[in-house]
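Using the numbering used here, you'd call the opening residue of the sequence shown number 201 and step up by one each time. Backbone N, C-alpha and C fix where the C-beta goes; we use that ideal spot for every residue, glycine too. First comes the structure, then the notes that go with it.
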Amino acid sequence: MAVAWPWDAKASASTWATCSSSSIKRSFIAPSSLIRATSYHRRVGKFFPRDRYLVKWHTQDPSGTKGPRCPETRGIWRVFVSVDHIESADRPPAQQDVKDVVSHPPLFDGHPRMRAIRSVIESIADTDTTVLIRGESGVGKDLIARAVHAASARHAGPFIKVNCAAIPQGLLESELFGHEKGAFTGAHRRKPGQFEYANKGTIYLDEIAELPLALQAKLLHVLQDFRFSRVGGNGLLDVDARVVAATNRDLEEAMTRGEFREDLYYRLNVVEIRVPPLRERREEIPGLASWFLAKFNAQYGRQKQLLPETMARLTEYSWSGNVRELENMMRRLVVLTDGEQAVEALVTRGRNGHAAATRPLVTEGLREIARRGAREAERKALEEVLEHVRWNRAEASRILKVSYKTLLNKICECGLKPPAHRAR
201 MAVAWPWDAK ASASTWATCS SSSIKRSFIA PSSLIRATSY HRRVGKFFPR
251 DRYLVKWHTQ DPSGTKGPRC PETRGIWRVF VSVDHIESAD RPPAQQDVKD
301 VVSHPPLFDG HPRMRAIRSV IESIADTDTT VLIRGESGVG KDLIARAVHA
351 ASARHAGPFI KVNCAAIPQG LLESELFGHE KGAFTGAHRR KPGQFEYANK
401 GTIYLDEIAE LPLALQAKLL HVLQDFRFSR VGGNGLLDVD ARVVAATNRD
451 LEEAMTRGEF REDLYYRLNV VEIRVPPLRE RREEIPGLAS WFLAKFNAQY
501 GRQKQLLPET MARLTEYSWS GNVRELENMM RRLVVLTDGE QAVEALVTRG
551 RNGHAAATRP LVTEGLREIA RRGAREAERK ALEEVLEHVR WNRAEASRIL
601 KVSYKTLLNK ICECGLKPPA HRAR
């Protein structure tokens, strides 16, 4: 039995009107019903979606107390004191999510420094503190950021990633904060920014050191007030999003050169997570290699395996590209090779820069390899565009310059599904 005690009656009523049956399956009742029921020491009956009209909201307790009187709590499952509590009723506690989040891929099990990162993620799970993730390129900063999000109370909200280095500087402000219709040439309609999409969730600013100084100032104000205006707009918008930033650059040196604002640095660096390179945590290589191998086997419908001696050589490899290099090698092993001997040959090639002379590297013709590569490139392009436009198929067909019907056929061929369908 759940009991709703709405301090904000209007907001609570709105939540009630829009919530699904799954979010109120434990029942959702008015405070007057609670007081009447508990006065007679009995349970309160459940209310279902069809019974919404039965619920009347009261901003004050008729009995004169400041909250529900519960002389007998056997029939009460939980008392809510805010709308956010109501919306998160069916979510498991954040601390219980951490094991599931950080064990796939197994980044936090093999090395003491990674276990320390796990502890930090657990410690900040119930807070909204800004996090700055630092480390070499490819060490897994994205995975750490996703773990921070998924272990938090915002895990059911959106996780929005913005690569500050991949977006032209002239478009970066519009991408982050959106723009109004007519704000600049080509702005034919209002466009929300990534901060708006990240509301109630987490926004991950990768390569934060590449942010222009002018935008650094605007980001600083957002972090201070969590309010911003779209490009070309006058009104201020409120945003409720956690900010996680990452960089592989030396921010202290960038501040010395005047390339990064000192006040923004201290605003971002509330909780700092330094991710060690893969060569310093070799204990994790077998687990990561096995996880990536299983992932790509499932993705491409293969059954590739690694010989024990091959795994040992992987552990000895220097991995200058860190986790990203290991992931790419496992993908190549699955896609381009056939059999355990060829797997070993490709590992040797990755280590020495050339293929082993005694073993064939590829057992398929170039035409088949090209066809497979084209299919994968097409699928990746479809996924990226559809995610960028929030699965607006008409917009995606315009960007990809294909007809709407062709786009639907390609989506079907690639087996792509909107996020809502993937979870079913």
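The segment 467-480 makes no contact with the segment 380-400; the number of CB pairs closer than 8 Å stays below 3. In this structure, DSSP gives D342 a helical state, which the three-state scheme calls helix. Beyond the five residues adjoining it in sequence on each side, L493 comes within less than 8 Å, by CB distance, of K504, Q505, L506, M530, L533, V534 in the same chain, given in chain order. Along the segment 343-391, the beta strand (DSSP E) occurs as fully enclosed runs of 3 or more residues at 359-363, listed in sequence order. For I317, the enclosing alpha helix (DSSP H) begins and ends at 312-323. Close CB contacts of V422 within its chain, under the 6 Å cut and outside five residues either way in sequence, are with F428 (chain order). If you look at I333, you'll find it in the beta strand (DSSP E) that goes 331-334. Residue environment analysis places L372 among the buried positions, since at least 16 neighbouring C-beta atoms fall within 10 angstroms of its C-beta. Under the three-state reduction of DSSP, A446 is assigned to strand. For Y466, the three-state secondary structure derived from DSSP is helix. Residue range 522-536 is occupied by the alpha helix (DSSP H) that includes L526.
At the C-beta level, I321 and V475 stay beyond 9 Å of one another. When the five nearest sequence neighbours on each side are left out, the beta carbons in the same chain lying within less than 6 Å of the beta carbon of R482 are those of T515, in order along the chain. Under the three-state reduction of DSSP output, R474 falls in the strand class. Nearest Cα to G458 within the set L411, L536, A498: L411. When beta bridges are read from the DSSP output, Y500 appears opposite no residue. In the structure shown, L405 falls within a strand segment according to DSSP collapsed to helix, strand and coil. Here the alpha carbons of I360 and A345 stand approximately 10 Å from one another. CA-CA distance, N528 to P477, rounds to 16 Å.
In the assembly as shown, A417 is an exposed residue. Its beta-carbon has fewer than 16 other beta-carbons within 10 Å. Within the same chain, Cβ atoms closer than 6 Å to the Cβ of N448 are found at E336, S337, the five residues on either side in sequence being excluded. Burial is judged here by how many other beta carbons sit within 10 angstroms of a residue's own beta carbon; N434 has fewer than 16 and is exposed. Between E396 and G370, the C-beta gap is not smaller than 9 Å, which leaves the two residues out of contact. Counting the other Cβ atoms within 10 Å of the Cβ of S518 gives fewer than 16, which makes it exposed.
Listed in chain order, the non-local C-beta contacts of L582 below 7 Å within the same chain comprise K610, I611, C614, L616, local neighbours out to five positions each way being set aside.
Our two residues, K400 and T510, have alpha carbons roughly 45 Å apart in a direct line. K341 sits buried, since 16 or more C-beta atoms from the chains shown fall within 10 Å of its C-beta.
For E459, no alpha helix (DSSP H) encloses it, and the DSSP letter there is neither H nor E.
Pairing T402 with V348 gives a Cβ-Cβ distance under 9 Å. Closest option to G487, judged by alpha-carbon separation, among L526, L451, S520: L526.
Take the alpha-carbon of R513 and the one of A489: they are about 12 Å apart. When the alpha-carbon of E407 is set against those of I333, A351, D438, Y466, the nearest one is in I333. Between L413 and L376, the C-beta gap is not smaller than 9 Å, which leaves the two residues out of contact. Residue burial is scored here from C-beta neighbours: E484 has at least 16 other C-beta atoms within 10 angstroms and is therefore classed as buried. Looking only at V431, R598, R479, the smallest Cα-Cα distance to V585 is reached by R598. Per DSSP, reduced to three states, the secondary structure at R593 is helical.
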